[in-house]
Amino acid sequence: MGQEQSLAGKVAFITGAARGQGRSHAVELARRGARILALDICEQIETVPYGLGTSADLEQTVAEVREVGGEIIAVQGDVREPADIAAAVERCREAFGVPDIVVANAGINSQRGEEPDPHSAFVDTIMVNLVGVWNTVHAIAPLLIERGEGGSIVLISSTQGLNGRGGDGSGAATGYTASKHGVVGIMRSLMGWLAPHSIRINTIHPAGVPTAMVAHEEMMNWFANNPEGGNMGNALPVPMLDPIDISRAVLYLVEDSGRHVTGVTLPVDAGFTAK
Ligand SMILES: NC(=O)c1ccc[n+]([C@@H]2O[C@H](COP(=O)([O-])OP(=O)(O)OC[C@H]3O[C@@H](n4cnc5c(N)ncnc54)[C@H](O)[C@@H]3O)[C@@H](O)[C@H]2O)c1
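Take numbering that gives the first Met the number 0: the last position of the sequence shown gets the number 274, and nothing is skipped along the way.
Structural data, given as structure tokens:
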């Protein structure tokens, strides 16, 4: 505790919150007083070459949010399934009310050494990273409009949402870059619709963060097969960012600091994109 309760009375709906960046966002928003609805699939998707979040991971997020004095409801659900999102939104409304803040963070990255099924890798990536973001926003934005008290929606893209560096023709890499660019399209398309209702929508574009998504052997194999990967370093002398660096950007956008910021693609990337 001891933090300014800048988000007291607010409710945040965070996807992919079982671990990694999503967990960090949940803890940091809770630390500032927001009540949290944490959604995660807690199941494996076949084309993903590393373990996705588990129920135990989601329980750990619950524990860490409670440790900072926060309130949280954790729901297992798949962002690809509108019914799962609807059920989570309903739980949120019953317990806390309509979410004021949405962080569409759930994502997969299936880049690997040898790709057994490029088509499935591409389609699954688009389904989670793009359709899942659309499902999330589509379920909540009309509720925000109806309530008439504004809101802040943050879509987690990637540096791969702003450029195509490192592309190798694989279904996973192409799907990842296409989906993360697509997230910008969702944001830009919805911005003008939401703005008259004082609902802001922005994207964040992190450079590499050493979460379970990238810290695994198949990702190392992908880099080994892609010499271009060697040119993918950040401009600042930091190999990777920490989840807290991305959480601070989320906070900037959802707190009063971001009250006039909408339609923005915000790189948090140690200069990767500008290099
Ligand atoms: N780690 C990086 O280097 C990096 C860089 C830029 C952007 N990102 C993006 O940041 C976001 C968070 O990733 P992370 O690094 O914390 O990885 P992570 O794998 O630790 O976390 C992602 C979470 O999303 C969940 N998830 C996956 N598919 C889901 C689905 N269909 N429905 C619900 N939940 C699902 C996973 O179970 C996992 O808990 C992702 O959108 C990712 O693409 C990551």
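By construction, the Cβ of each residue, glycine as well, lies at the ideal position given by its N, Cα and C atoms.
Note that the structure is a prediction, hence the values are computed from the model and not measured.
With three or more C-beta pairs closer than 8 angstroms as the rule, is the segment 10-20 touching the segment 202-214? yes
Quick one: is R111 buried, meaning 16 or more other Cβ sit within 10 Å of its Cβ, or exposed? buried
Buried or exposed (CB count within 10 angstroms, at least 16 for buried), S178: buried
Minimum C-alpha distance to G85 - residue among N104, A172, L38: Before going further, note that residue 85 is Ala rather than Gly in the sequence given. Ranking the options by Cα distance to A85, first place goes to L38.
So V237 packs on A269, CB below 8 angstroms; how close in whole Å? 5 angstroms
Pair every Cβ in the segment 27-37 with every Cβ in the segment 121-134, then say whether three or more of these pairs are closer than 8 angstroms. no
Under the criterion of a Cβ to heavy atom distance below 7 angstroms, does Q20 qualify as lining ligand 1? yes
By a C-beta neighbour count over all protein chains shown, 10 Å radius and 16 as the cutoff for buried, is S169 buried or exposed? buried
Under the three-state reduction of DSSP, which class applies to T264: helix, strand or coil? strand
Any heavy atom of ligand 1 within a distance shorter than 7 angstroms of the CB on I107? yes
Given this structure, state the Cα-to-Cα distance separating A206 from F95, to the nearest angstrom. 33 angstroms
Measure from the alpha carbon of V78 to the alpha carbon of each residue in I40, E27, S246, P266, then state which is nearest. I40
In the structure shown, what three-state DSSP assignment does F222 receive? helix
Have a look at G181 and G131 and give me their C-alpha separation to the nearest angstrom. 11 angstroms
Should G232 be counted as a contact of ligand 1 given a C-beta to heavy atom distance under 7 angstroms? no
Taking 7 angstroms as the cut-off, is the CB of I40 close to at least one heavy atom of ligand 1? yes
According to DSSP, simplified to helix, strand and coil, what is T135? helix
On a Cα-Cα basis, can you pick out the residue from A248, V253, D241 that is closest to I198? V253
With contact counted as at least three CB pairs below 8 angstroms, one residue from each stretch, are the segment 133-146 and the segment 43-59 in contact? no
To test your reading of the DSSP string, which unbroken alpha helix (DSSP H) runs of 4 or more residues are found completely within the segment 79-161? 81-94, 117-125, 131-146
Candidates T176, N134, R146: closest to H196 by CA position: R146
Per-residue DSSP class, three states only, for L51: coil
Select from G15, L154, S23, G8 the residue whose C-alpha is nearest the C-alpha of V74. G15
Is Q75 helix, strand or coil by DSSP? strand
Should N104 be counted as a contact of ligand 1 given a C-beta to heavy atom distance under 7 angstroms? yes
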